[in-house]
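All remarks here apply to the structure that follows.
Protein chains: 2
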Amino acid sequence: MLEKVNLKRVMIKEEYKQEAALLEERLGLLQQRVKQNKLSVLILFDGWGAAGKGSLISKLILNFDPRGFRVQSFVAADQAEQRRPLLWRYWNHIPAQGEIAVFDRSWYQDITTAQLESSLSKSELKRRIQSIKTMERQLSDDGTLLLKFFLHIDQKEQKKRFEKLEDNKNTAWRVTAQDWKRNKHYDEYYRVFDQVLTETNTDYAPWHIVGGHDRYSAVIDIYRTVADEIEAAIEQRVEKLAHPVVLPPQIASPEGFDLVSVPKLSQISLSKQIEPERYKEELKDAQDTLKKLHNKLYRKKIPVVIAYEGWDAAGKGGNIKRVAAALDPRGYEVIPIAAPDKNELAHHYLWRFWNRVPKTGHVAIFDRTWYGRVMVERIEGFCTDEAWHRAYREINEFEKELSDWGAVIVKFWIHIDSEEQLRRFNERQNTPSKQWKITEEDWRNRDKWDQYENAVNDMLQYTSTDFAPWHIIESQDKKFARVKALRVLISAIEDRLDRE
Amino acid sequence: MLEKVNLKRVMIKEEYKQEAALLEERLGLLQQRVKQNKLSVLILFDGWGAAGKGSLISKLILNFDPRGFRVQSFVAADQAEQRRPLLWRYWNHIPAQGEIAVFDRSWYQDITTAQLESSLSKSELKRRIQSIKTMERQLSDDGTLLLKFFLHIDQKEQKKRFEKLEDNKNTAWRVTAQDWKRNKHYDEYYRVFDQVLTETNTDYAPWHIVGGHDRYSAVIDIYRTVADEIEAAIEQRVEKLAHPVVLPPQIASPEGFDLVSVPKLSQISLSKQIEPERYKEELKDAQDTLKKLHNKLYRKKIPVVIAYEGWDAAGKGGNIKRVAAALDPRGYEVIPIAAPDKNELAHHYLWRFWNRVPKTGHVAIFDRTWYGRVMVERIEGFCTDEAWHRAYREINEFEKELSDWGAVIVKFWIHIDSEEQLRRFNERQNTPSKQWKITEEDWRNRDKWDQYENAVNDMLQYTSTDFAPWHIIESQDKKFARVKALRVLISAIEDRLDRE
Numbered sequence: 000m001l002e003k004v005n006l007k008r009v010m011i012k013e014e015y016k017q018e019a020a021l022l023e024e025r026l027g028l029l030q031q032r033v034k035q036n037k038l039s040v041l042i043l044f045d046g047w048g049a050a051g052k053g054s055l056i057s058k059l060i061l062n063f064d065p066r067g068f069r070v071q072s073f074v075a076a077d078q079a080e081q082r083r084p085l086l087w088r089y090w091n092h093i094p095a096q097g098e099i100a101v102f103d104r105s106w107y108q109d110i111t112t113a114q115l116e117s118s119l120s121k122s123e124l125k126r127r128i129q130s131i132k133t134m135e136r137q138l139s140d141d142g143t144l145l146l147k148f149f150l151h152i153d154q155k156e157q158k159k160r161f162e163k164l165e166d167n168k169n170t171a172w173r174v175t176a177q178d179w180k181r182n183k184h185y186d187e188y189y190r191v192f193d194q195v196l197t198e199t200n201t202d203y204a205p206w207h208i209v210g211g212h213d214r215y216s217a218v219i220d221i222y223r224t225v226a227d228e229i230e231a232a233i234e235q236r237v238e239k240l241a242h243p244v245v246l247p248p249q250i251a252s253p254e255g256f257d258l259v260s261v262p263k264l265s266q267i268s269l270s271k272q273i274e275p276e277r278y279k280e281e282l283k284d285a286q287d288t289l290k291k292l293h294n295k296l297y298r299k300k301i302p303v304v305i306a307y308e309g310w311d312a313a314g315k316g317g318n319i320k321r322v323a324a325a326l327d328p329r330g331y332e333v334i335p336i337a338a339p340d341k342n343e344l345a346h347h348y349l350w351r352f353w354n355r356v357p358k359t360g361h362v363a364i365f366d367r368t369w370y371g372r373v374m375v376e377r378i379e380g381f382c383t384d385e386a387w388h389r390a391y392r393e394i395n396e397f398e399k400e401l402s403d404w405g406a407v408i409v410k411f412w413i414h415i416d417s418e419e420q421l422r423r424f425n426e427r428q429n430t431p432s433k434q435w436k437i438t439e440e441d442w443r444n445r446d447k448w449d450q451y452e453n454a455v456n457d458m459l460q461y462t463s464t465d466f467a468p469w470h471i472i473e474s475q476d477k478k479f480a481r482v483k484a485l486r487v488l489i490s491a492i493e494d495r496l497d498r499e
Numbered sequence: 000m001l002e003k004v005n006l007k008r009v010m011i012k013e014e015y016k017q018e019a020a021l022l023e024e025r026l027g028l029l030q031q032r033v034k035q036n037k038l039s040v041l042i043l044f045d046g047w048g049a050a051g052k053g054s055l056i057s058k059l060i061l062n063f064d065p066r067g068f069r070v071q072s073f074v075a076a077d078q079a080e081q082r083r084p085l086l087w088r089y090w091n092h093i094p095a096q097g098e099i100a101v102f103d104r105s106w107y108q109d110i111t112t113a114q115l116e117s118s119l120s121k122s123e124l125k126r127r128i129q130s131i132k133t134m135e136r137q138l139s140d141d142g143t144l145l146l147k148f149f150l151h152i153d154q155k156e157q158k159k160r161f162e163k164l165e166d167n168k169n170t171a172w173r174v175t176a177q178d179w180k181r182n183k184h185y186d187e188y189y190r191v192f193d194q195v196l197t198e199t200n201t202d203y204a205p206w207h208i209v210g211g212h213d214r215y216s217a218v219i220d221i222y223r224t225v226a227d228e229i230e231a232a233i234e235q236r237v238e239k240l241a242h243p244v245v246l247p248p249q250i251a252s253p254e255g256f257d258l259v260s261v262p263k264l265s266q267i268s269l270s271k272q273i274e275p276e277r278y279k280e281e282l283k284d285a286q287d288t289l290k291k292l293h294n295k296l297y298r299k300k301i302p303v304v305i306a307y308e309g310w311d312a313a314g315k316g317g318n319i320k321r322v323a324a325a326l327d328p329r330g331y332e333v334i335p336i337a338a339p340d341k342n343e344l345a346h347h348y349l350w351r352f353w354n355r356v357p358k359t360g361h362v363a364i365f366d367r368t369w370y371g372r373v374m375v376e377r378i379e380g381f382c383t384d385e386a387w388h389r390a391y392r393e394i395n396e397f398e399k400e401l402s403d404w405g406a407v408i409v410k411f412w413i414h415i416d417s418e419e420q421l422r423r424f425n426e427r428q429n430t431p432s433k434q435w436k437i438t439e440e441d442w443r444n445r446d447k448w449d450q451y452e453n454a455v456n457d458m459l460q461y462t463s464t465d466f467a468p469w470h471i472i473e474s475q476d477k478k479f480a481r482v483k484a485l486r487v488l489i490s491a492i493e494d495r496l497d498r499e
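Here the protein sequences come in this chain order: G and W. Read the first sequence against numbering that gives the first Met the number 0 and you will find it ends at 499, with the numbers running on by one and no gaps. Read the second sequence against numbering that gives the first Met the number 0 and you will find it ends at 499, with the numbers running on by one and no gaps.
If you want it as structure tokens, here you go:
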């Protein structure tokens, strides 16, 4: 793609001044419309060193009210970031609705310069490219406008600029040995950039390559692209809200995952029980085993994500407690998931889960999860049909990311039948010390048992993958459920450790 | 204090079992009351290596529902934490109302082991102790129950335990060279621990020293203390809500700060203006200067905190924009402060500002600030009188922390008179492209001009300190205000750089 850029063009000052003035006014007004229309805008800048990224970003944001945008600079990952999946730090900083986020460098550094400077295997590179495309598609589907700018200069121009920076003692520190190395091997980097730009130039997130030799034309290019694209995106958003297109539920990426077959809830026998004496022994035995495994996980820096879903009063809390009790408190966290707050609602629904991905070697136990999207949000109409249809695939992709990163993923559906739930609800209602556990909402949800059962069956069918299968835990007898959950967890961890 | 601990006591198993069973039941029930009564509980564990912290924490939390507590482990500060004030990472993890936070190590490592292992000057040590006491007092005043446990064992016992850990290949990695060094120099550490425990044993956050030789009595000690103290704190909280004690406004710590005199708003002459031509020149000149200074700040890793307060329609936004325009977008952030959300309301009011303290070398521009406590929250009754009376002192202490850390703090009151505000409100109302800027709330606030003026005068009088003085910026002429704010900021930064 780079060869098509005309690096020789020049814009005269008068023309620039006129055009810039018009575009600046447009951009200022557009920011308000971004806010009013709750559009999320992510503008990322990548390109050659000294191509002018910093100063072009400064110039662009002068047009915006500082309260409506953020600039995020991504340099080398710090310690905390290195202990998370590659995309974690980028997900953390995606824009909220109505917000403009400007990224100075981005996830592209992990597949461009990293190709030549880290020892990336071909398969790892392929995986990263796929992850990035998936993330961009997910953000775009959620209504985020992605604007990707690549600033292009040639080898000679870059050399000249480095020399100029070095000549001034205030700016000399900005040119590093790495920069010179990249200039020397310009051709190799050119090949890599060109290949990545081509591969990631998608419908939902096309590249805008800007020639960086002439500053005037670069500014106008960027201004115009930003203004035009924001306008188009707002129109599209308005149109989409008025006339939503609903596709059938989506499950897999084109690349495909293997789905694992899971029985329907109605096929589950709930008669399983455990004798109190055997429970005591088996619980202790399983907890001791898990304790030792936690130590190994910590040392091998393997993260674990445990997802708990299940019927109200099925015994999730007590089950989680028995798992947690076996873990070193310094290495796990229980994350209760309630209805999203205002700020969470203004982001992609996976954002708050991405934010809570554990560190390597740590265990995150989610008490309710991202599956809310295809259960309560689907049933209560908290998201559009189009959105929850899309979610199966997005969730599979999310879990695939975690799995590829090295995480053990264990998902539990804690299961009871409707009569047992009624019995437990009544017991809670009639026991003063347990009344806080039961709310009006629980009764309302209970009335929708059939709708939920239907949604759960869909969820089990569409999101049970070979890397993150669902486990149905029969919890009519809570003690049986606790031992079973521990055993499933232990076996998943042992499988993972065997692969080390 | 340590010499008073009886390390020889022993509890027999039968007695332990009986007592533990009763206390465990009490603790389980108390967690619910903590939630219902919205008590924040912070339990911190410190003590000798191998004294049993980890296993005692595990034991304690078994009594709680994992959804209502968090364990936070504080080891050496990571890169991101090192670029913030010492207390930053602890503030980030304080418990919300109704939540129990368990800290495995805490801020005490920064004044105990650090005394012997880092080259801490005496004055820095004194400062740190003072900061910690201040933080504990602030949390306590806000209704947080602070439970501080120190686990004590003697040198011989510690040696025995290290050896035992080393004998097992699964636990050998837990004993480090540092641990052995500490054991060898036990006496020196003893002296330091004892001194710090004595100095920080306050009414609002007393120490509970637990003999760690006998596990049974240690468990019972901790169980009983936690149960008794939570019960007492809940009673106290209920009592305090029913019968609040209101003290007059507090300003300074006993140690005292120097307050700087600031005129009352009514004494400010608002006739100051600037010629359009001179404005253009001076603005450019000031922005160029600031740009260069930002570079220096970045290289010297000096953080800057800019606080903007002012009347509605006084021109805060435009003023911020002119400052921001001179800064490198990779090194500053504009932080708009709206009404606190649910989660923020459940924390100490300074929590959300502590979270947003900039990194060293970065600039944080707050568009509205922590002063909301003594303005809108005071006037609208969003907090108790007692709370905003306390706030002047707390805010001075907060800013002192930032200043001692090395930050430049610049606070602006953007000022216009009531007639000018009316004129601007009407102009906004009558200009379609500006109507979004004016809301019903603005009109309601305007009706309370006199109350606000009174509150602002108090604020200026009580929180203008030598390390963080207020600057009143006359903004009847917005252009004049912009240049003045830039000049004030430049001068504050230059003063700070001169002290390097």
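Heads up, the beta-carbon is just placed ideally off N, CA and C, and yes, glycines get one too.
Three-state class that DSSP yields for residue i in the structure shown
i, result
"Lys16/W", "helix"
"Ser39/G", "strand"
"His293/W", "helix"
"Thr464/G", "strand"
"Gln71/W", "strand"
"Glu379/W", "coil"
"Pro431/G", "helix"
"Phe365/G", "strand"
Endpoints, beta strand (DSSP E) assigned at residue i
i, result
"Thr143/W", "Thr143 to His151"
"Lys263/G", "Neither: Lys263/G is in no beta strand (DSSP E) and is coded neither H nor E."
"Asp103/G", "Ile99 to Asp103"
Option nearest residue i by Cα separation, candidates the options
i, options, result
"Phe500/G", "Ser105/G, Thr143/G and Glu123/G", "Because residue 500/G is not part of the residues shown, which for chain G are 0 to 499, the question remains open."
"Pro65/G", "Asn294/W, Phe365/W, Lys183/W and Asp140/W", "Phe365/W"
"Gln475/W", "Tyr307/W, Ser270/W, Val304/W and Ser117/W", "Ser270/W"
"Trp369/W", "Arg351/W, Gly380/W, Gly360/W and Val362/W", "Arg351/W"
"Val191/W", "Asp77/W, Gln420/W and Tyr107/W", "Tyr107/W"
"Asp186/W", "Ile152/W, Arg481/W and Trp310/W", "Ile152/W"
"Glu379/W", "Arg321/W, Glu440/W and Asn354/W", "Glu440/W"
"Ile514/G", "Trp387/G, Glu385/G, Glu398/G and Asp311/G", "Residue coverage of chain G in this structure runs from 0 to 499, which leaves residue 514/G outside it and unanswerable."
Exposed unless 16 or more other CB atoms sit within 10 angstroms - verdict on residue i
i, result
"Asn444/W", "buried"
"Pro205/G", "exposed"
"Lys147/G", "buried"
"Ser463/W", "buried"
"Val303/G", "buried"
"His361/G", "buried"
"Glu376/W", "buried"
Cβ-Cβ distance between residue i and residue j below 8 angstroms
i, j, result
"Ile93/W", "His347/W", "yes"
"Trp47/W", "Gln157/W", "yes"
"Glu400/G", "Ser130/G", "yes"
"Arg235/G", "Arg389/G", "Residue 235/G is actually Gln in this sequence, not Arg. Not in contact: Gln235/G and Arg389/G (Cβ atoms no closer than 8 angstroms)."
"Thr359/W", "Ile489/W", "no"
"Gly405/W", "Ile334/W", "no"
"Trp412/G", "Ile472/G", "yes"
"Lys341/W", "Asp340/G", "yes"
Span of the alpha helix (DSSP H) around residue i
i, result
"Glu499/W", "Unbroken run through Glu499/W: none, as it is neither H nor E."
"His388/G", "Asp384 to Trp404"
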